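Read the structure below first, then the notes.
Number of protein chains: 2
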Amino acid sequence: MTDDASPPPLGRLARPRLYEQLVEQLLGYIESAKLRPGDLLPAERDLAERLGVSRATLAQALVALEVLGVIDVQHGTGAVLRHRASVASVIKGLREHRSRLPDIVEARSTLEVRLAALAAERRTDEDLAAIDRALEEMRAEIDDGGRGARGDELFHQAVTAAAHSPVLAQLMAFIGEMVLETRLESLTQPGRPEQSLASHRSITEAVRAQDPVAAADAMQRHIELVSDVALLD
Amino acid sequence: MTDDASPPPLGRLARPRLYEQLVEQLLGYIESAKLRPGDLLPAERDLAERLGVSRATLAQALVALEVLGVIDVQHGTGAVLRHRASVASVIKGLREHRSRLPDIVEARSTLEVRLAALAAERRTDEDLAAIDRALEEMRAEIDDGGRGARGDELFHQAVTAAAHSPVLAQLMAFIGEMVLETRLESLTQPGRPEQSLASHRSITEAVRAQDPVAAADAMQRHIELVSDVALLD
DNA sequence: CAGGCTCACTGGCCTAGCCTGTAGGAGAGT
DNA sequence: ACTCTCCTACAGGCTAGGCCAGTGAGCCTG
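In order, the protein sequences belong to chains A and B. Residues in the first sequence are numbered from 1 upward in steps of one, following my numbering. Residues in the second sequence are numbered from 234 upward in steps of one, following my numbering.
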């Protein structure tokens, strides 16, 4: 991802999009007007005029709100409110200041600890073999002076697969990108790869022994280690 | 894919939206063209012509993809791909073949137990008040002979909000639709609403006392109760 | 009174056009 | 020769206005 830059954040320079502002305003309107689920928003032509934008642009904002699950647009009727605004604001917050690291680590921790426990319960011999292979890959990378990033990713994927929980696996994939960033940062610290490898071994042994509690515990400690480093960054 | 529906679904009669179809097609295109993160999609005017739609409609589809986190549209440059295509297919897959109930309950349990613990740690007085209001709402519904479905939903939303964890909240929203179904089924059982209300009270008290362990425990038991019933169905 | 029709709404989508941002290449200045 | 500036082709952003297609309330007829 991208070239750039020194220490400061510095992204790509925020470009304001009209429809994004409209989403904000509409969210605010919904809240202040105390609209309840099932209520209708004003008509498109009306809203567009009041907000001083074209219908086309307003339509984009409505699409965004629909994708976010806030409204449900019905041809011939209008845009009806779905959930309560509180949920909308949570989503809003997520998009704005892209989630902070602690939030991501928190979500990752929640999911992976559970996945580790489930993996210990449900793993097949094939699953275990895949985990061992990932561990081996990571060790080889580190011996070659690498960070073991690839093996690390493989390891977590193997554990996820071993849990045999489709929905949790999908949720992990959803935050996968963010988790990856976290992981890469942590592995750049000298000495960390070895520590990380060691905690991977603990997890693996618990899964091998089919001990859910130990697996959850080992994963928890592993994530705490990683997130510690990430936060120092 | 596809909605379909032979036997009973029946809702509001699906209304096809052009931009939704475009999202599907673009997702397919991205996959088949083996585009990688960082690659650019063809120009708007080009795409619009190829797909046989106006730029305005295509723009809506691009907004949808942007909200879904698949692309990142840059003025003057084009639409650049963000995640791996896998994320796109995850979203697609999750919407399509709805996952099995046990898997959903498992994911819900994982997330909500953690959310309950976090809520106990982080709740403000306002959060607590919102939870109390939801509880009251549910009690009123049940006293009126209702199932308390609305209050139930409000309650879980309030707890989620009280956890102040954007990413976890987002994940909950992701599986929210499925969870709702689970919940509604369970509440149709006679006598269940009261039991459900009682366990809500336990959770609330733990959150009030700011006791994470008790909150997690109460939520865990609550979900076991609900899922038991759902599985009987 | 019941059934059907009309019409005034709603959103859906299109065409056409002008604006602004981006980036690469041509040409001027060093 | 190098570099810096400026030009311009092309990207998306947004608007204006128009026509088509559902929806539902009210009227009008049998």
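For glycine and all other residues, C-beta sits at the position ideal for the given N, C-alpha and C. Please read all numbers here as calculations on a predicted model, not as lab measurements.
Work out the CA separation of VAL296 of chain B and VAL63 of chain A for me, nearest whole Å.
7 Å
I'd like to know if THR357 of chain B contacts chain A, where contact means its C-beta is closer than 8 Å to some C-beta of that chain.
no
Span separating the alpha-carbon of LEU168 of chain A from that of GLN428 of chain B
28 Å
Partners in chain A for GLU339 of chain B, counting only beta-carbon separations shorter than 9 Å
ARG114, LEU118, SER165, VAL167, LEU168
First through last residue of the alpha helix (DSSP H) which encompasses ARG60 of chain A
The question names Arg, yet the displayed sequence has Gln at residue 60 of chain A. Its alpha helix (DSSP H) spans residues 55–67.
Exposed or buried, SER398 of chain B, counting other C-beta atoms within 10 Å across all chains shown (16 or more means buried)?
buried
For LEU40 of chain A and VAL70 of chain A, which I take to be in contact (beta-carbon distance under 8 Å), what is that distance rounded to the nearest angstrom?
The Cβ separation is near 13 Å, so there is no contact.
Status (buried if at least 16 other CB within 10 Å, exposed otherwise) for HIS389 of chain B
buried
Alpha carbon to alpha carbon, what distance is there between VAL440 of chain B and ASP358 of chain B?
11 Å
So ILE408 of chain B contacts chain A; which residues on that side make the cut at Cβ distance below 8 Å?
VAL167, LEU171
Would you mind giving the Cβ-Cβ distance between ARG383 of chain B and GLU370 of chain B, rounded to the nearest angstrom? I have them listed as a contact below 8 Å.
7 Å
Let me check one thing: in DSSP terms, what residues is LEU40 of chain A bridge-paired to?
A:VAL80
Decide yes or no for the touch test of the segment 279–295 of chain B against the segment 254–262 of chain B: beta carbon pairs closer than 8 Å, at least 3 of them.
yes
Hey, would you say VAL159 of chain A sits closer than 8 Å to LEU115 of chain A, going by beta carbons?
yes
Count the other CB atoms within 10 Å of the CB of VAL213 of chain A; is the residue buried (16 or more) or exposed (fewer)?
exposed
Answer with yes or no whether the minimum CB distance from GLN60 of chain A to chain B is below 8 Å.
yes
Completely contained beta strand (DSSP E) runs for the segment 194–233 of chain A, where each covers 3 or more residues:
none
Members of the segment 32–60 of chain A that neighbour chain B once the beta carbon cut-off is set at 7 Å:
ALA56, ALA59, GLN60
Would you verify that the beta carbon of GLN111 of chain A is, or is not, closer than 8 Å to some beta carbon of chain B?
Per the sequence shown, residue 111 of chain A should be read as Leu rather than Gln. Yes - at least one Cβ of chain B is within 8 Å of the one on LEU111 of chain A.
What is the residue span of the alpha helix (DSSP H) that VAL159 of chain A lies within?
149–162
Over the uninterrupted beta strand (DSSP E) stretch that includes VAL73 of chain A, give me the two end residues.
71–74
Per-residue burial, GLU106 of chain A [other beta carbons within 10 Å of its own, 16 or more giving buried]:
buried
For LEU351 of chain B, tell me which candidate among B:ALA362, B:GLY311, B:ALA396, B:LEU368 has the shortest Cα-Cα distance.
B:ALA396
Select from the segment 437–450 of chain B all residues with a C-beta closer than 7 Å to any C-beta belonging to chain A, and list them in chain order.
none
So what's GLU20 of chain A in DSSP terms, helix, strand or just coil?
helix
Own chain, CB closer than 6 Å to HIS455 of chain B, minus 5 neighbours either side, in chain order
SER432
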